[in-house]
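Protein chains: 2
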Amino acid sequence: MERKVSMKDIAERVGVSIALVSYVLNEKEGRVGPEMAQQIRKVAQELNYRPNLIARSLQSGRTNTLGLIVADISNPFFSNIARIIEDEAKQYGYTVLFGSSDESVEKSQGLIDTFLNRQADALILAPAAGTEPQLMALKKKKIPFVLVDRYFPSVPANSVRIDNYQAAYKAVTHLLRTGKKRIGMLTYDGGMEHMQERERGYRQALEDHGLYQAALSQRASYLHLQEGVATGLSHLLQPDRKVDAVFFATNSLAIEGLKQLNALRLKVPDDVAVISFDESDAFDLFYAPVSYVRQSLRDMGREAVRLAIQGVEQKSRPQVDVIVGADLVIRKSCGFKAG
Amino acid sequence: MERKVSMKDIAERVGVSIALVSYVLNEKEGRVGPEMAQQIRKVAQELNYRPNLIARSLQSGRTNTLGLIVADISNPFFSNIARIIEDEAKQYGYTVLFGSSDESVEKSQGLIDTFLNRQADALILAPAAGTEPQLMALKKKKIPFVLVDRYFPSVPANSVRIDNYQAAYKAVTHLLRTGKKRIGMLTYDGGMEHMQERERGYRQALEDHGLYQAALSQRASYLHLQEGVATGLSHLLQPDRKVDAVFFATNSLAIEGLKQLNALRLKVPDDVAVISFDESDAFDLFYAPVSYVRQSLRDMGREAVRLAIQGVEQKSRPQVDVIVGADLVIRKSCGFKAG
DNA sequence: CTGAAAGCGCTTACAG
DNA sequence: CTGAAAGCGCTTACAG
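Respectively, the protein sequence lines represent chains A and B. Using full-length UniProt numbering, the letters of the first sequence correspond one by one to residues 1 to 339. Using full-length UniProt numbering, the letters of the second sequence correspond one by one to residues 1 to 339.
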């Protein structure tokens, strides 16, 4: 009961070659009579044989493993995607290795190296800012990979994401329709394209109403979220530019922002209306349930897995950008419609 | 650039045996002169050699992989632990495979099989109810594993958890001190030991004040959370037994419960005081920030990894139960102290 | 001190 | 139709 049972054990017990055992257990028909096949299966069962997938992988060059790299698996946005990716990968017989980059270029490289050394068949990543060269290297090595949520215009690659510009435009337009005039935005610095697109949507919506002011767009850094939000909010709440609404570019920014608004005893939506990206239990439970842009995480996860596995199974497929749906969930945090 | 570069490529280029390349790259000294070692390392670098860890694993019987099985990776409690486990595992040179059991015995078995076929060196699991036989099978196969959060008194096994009885006792005692007399509890059915311990602590605290009533302890099922909470709460809020406080056994129960209390327009803490287990952003943002039992997830994750890897590296170590810390975080949802 | 050979557990192309 | 052999990419015990 100590050593694991291998095909060799079955072969010896039955008195055939290891190769034959392999054929039978992998159901390559025609190699052996049905009674012998029966016998081999029976002994495999008796010995409680479990295939060693590592050995198979060494042979086949495939591990049926996907490497998933996100900013932080403990962030609900990513853990929700991870869950969907897990389920979808299982459908295809794949297992998922995961890692958190903390938006660090070095950690991202470390995770990529680890996953490649472990022969992951493909990678799914929400890449950190500045990791373009890492993605180019993957392309050069012909490792299939898919970007989720984020992407780089300079790196042609499969990606699955929403139309961030449109989603932001719609969110801000909704605020305008409720009568807000001085709408601030809080986003992440770092220059990631999806953040820029959200800013662009925000800006365009305001410009279309002649209400855009650059000073109302503030950025916080991922590593110093609390301070960044504090600085940004205090800027937006200065008497001379006091905003009547804030558009948060992610759920983390919104949650931190709402905590600080609470601390400042500002009421949502009367003192400040709020709209955000992404979902959160905290949004639902907030005294003024928070309106948000809901990205279809299910579609995002599913498409990412599908593209990743297609990349594994059919080399050199054309590059695809899948744009999944996003809709506005409007609740009390925006106030009521003016018209 | 197509095929991956192997030790063979380096060996050919340098004109030595593959074995020698292996020795040098693994820094087994004394096998070769320093100039030859230098040369091999240089060529490895030039060819951008990456070791194939699959091959090494087949040889060594070790994959440096941990399998993590939780109820649902998208539940913040588990994704927070997963993040800590990820970081800690990385310290030891291990990578983590994860899977969600959805509290299903079948899915749990499927994940265990998958991870063992992939030769995970050890498993860390928050086991679902009814998986005792699966754990016994792991023991029989001498696969190192560690239970986190949950455990079975009938299955001797390494575990890392808090003292659920004590934590619940303290939480309920706090409610009593604030003057609550009719304290209900909402927990999961399924009979998991950690849930029972929380109920036991709740019961003992009330009995110590002569206030225990079995009818005030309600259970919901994991699969029908919303209905279960609705039924439980409506029971607790019947006019004849109307509770003045509810103790929720997990954050999921509490979040669902608070949503329903909101829908019923009941005010926390004036109509009903609330205390829960586990953390949540939603607790922080709730208009009456929710008091909770904070389990030390950091210690839990760290100890789990430590025990798992010790199990891999030193077979047949004694069984250990690590009890990590838990403390009460008291905020407005309990109301103010009476005395 | 060094090199060649065996072997980890499988799969499959290739002789008979 | 079947069996034996080679090989996936490494590591290491074993001869020289």
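Here a beta-carbon is modelled for each residue, glycine too, at the ideal position from N, C-alpha and C.
The beta-bridge partner set that DSSP reports for Ile-275 of chain A consists of A:Phe-247, A:Ser-291. Counting only residues of its own chain and dropping the five nearest sequence neighbours on each side, Thr-173 of chain A has a CB closer than 6 Å to the CB of Ala-205. The DSSP assignment places complete beta strand (DSSP E) segments of no fewer than 3 residues inside the region 152–234 of chain B at 159–161, 183–188, 217–220, in order along the chain.
Among the CB atoms of chain A, one or more fall inside 7 Å of the CB of Leu-53 of chain B. As DSSP reads the structure, Val-320 of chain B sits in no beta bridge.
A check of alpha carbon separations from Glu-313 of chain B across B:Gly-93, B:Val-70, B:Arg-50, B:Gln-45 identifies B:Gly-93 as the nearest. Inside the region 95–161 of chain B, DSSP marks whole alpha helix (DSSP H) runs of 4 or more residues at positions 105–117, 132–140, from first to last along the chain. Along the region 277–288 of chain B, going in chain order, the ones with a CB nearer than 7 Å to a CB of chain A are Ser-280, Asp-281, Ala-282, Asp-284, Leu-285, Phe-286, Tyr-287. Secondary structure at Val-268 of chain A: coil, using DSSP grouped into helix, strand and coil. Those residues of the region 78–101 of chain B placed with their C-beta closer than 7 Å to a C-beta in chain A are Ser-79, Asn-80, Ala-82, Arg-83, Glu-86, Thr-95, Val-96, Leu-97, Phe-98, Gly-99, Ser-100, ordered along the chain. Note that the C-beta distance between Val-16 of chain B and Ala-37 of chain B is not below 7 Å.
Distances from the CA of Gln-45 of chain A to each of A:Asp-299, A:Val-5, A:Arg-219, A:Leu-116 were compared; the closest alpha carbon is that of A:Val-5. Judged by DSSP in its simplified three-state form, Ile-69 of chain A adopts strand.
Ranked by Cα distance from Tyr-222 of chain A, the options A:Met-195, A:Gly-335, A:Asn-48 are led by A:Met-195.
Sorting A:Asp-102, A:Ile-143, A:Met-300, A:Lys-332 by C-alpha distance to the C-alpha of Arg-118 of chain A places A:Ile-143 at the top. Around the beta-carbon of Leu-47 of chain B, fewer than 16 other beta-carbon atoms lie within 10 Å, marking it exposed.
Val-324 of chain A places its beta carbon 7 Å or farther from that of Ile-85 of chain A.
By the neighbour-count criterion, in which a residue is buried when 16 or more other Cβ atoms sit within 10 angstroms of its Cβ, Ala-167 of chain B is buried. Contact check for Val-229 of chain B against Gly-257 of chain B passes: the beta carbons are separated by less than 7 Å. Separation of the CB atoms of Phe-247 of chain A and Ala-126 of chain A is rounded to 21 Å, and the pair is thereby denied contact status at 8 Å. At a C-beta separation below 9 Å, Arg-50 of chain A has these neighbours in chain B: Asp-113, Leu-116, Asn-117. Apart from sequence neighbours up to five positions away, the residues of its chain that approach Arg-298 of chain B with a beta-carbon distance below 6 Å are Ile-84, ordered along the chain. A straight-line Cα-Cα distance of about 14 Å links Ile-124 of chain B and Asp-87 of chain B. Nearest in C-alpha terms to Ala-288 of chain A, of all of A:Gln-295, A:Ala-273, A:Lys-315, is A:Ala-273. Under the three-state reduction of DSSP output, Val-329 of chain A falls in the strand class.
From the listed residues A:Thr-250, A:Arg-200, A:Phe-115, A:Asp-149, the smallest Cα separation to Thr-187 of chain A is found for A:Thr-250.
Distance from Ala-157 of chain B to Lys-139 of chain B at the Cβ level is roughly 7 Å; contact confirmed, criterion being Cβ atoms closer than 8 Å. With its beta carbon at least 7 Å from every one in chain A, Leu-297 of chain B lies outside the interface. Distance between Gly-335 of chain B and Asp-121 of chain A, taken at the CA atoms: about 54 Å.
Comparing alpha-carbon positions, the option among B:Glu-207, B:Ile-162, B:Gly-179, B:Ala-214 lying closest to Met-185 of chain B turns out to be B:Ala-214. Taken atom to atom, the span from the alpha-carbon of Asn-64 of chain B to that of Asp-113 of chain B is near 17 Å. In the assembly as shown, Pro-318 of chain B is an exposed residue. Its beta-carbon has fewer than 16 other beta-carbons within 10 Å. Contacts with chain A (Cβ-Cβ distance below 8 Å) from the region 252–263 of chain B involve Ile-255, Leu-258, Lys-259, Asn-262, listed in chain order. Taking the Cα positions, Arg-219 of chain A is about 14 Å away from Glu-193 of chain A. Taking a beta-carbon distance threshold of 7 Å, Ser-221 of chain A does not count as an interface residue toward chain B. In this structure Ile-73 of chain B is in contact with Ser-79 of chain A, their Cβ atoms being roughly 6 Å apart against a cut-off of 8 Å.
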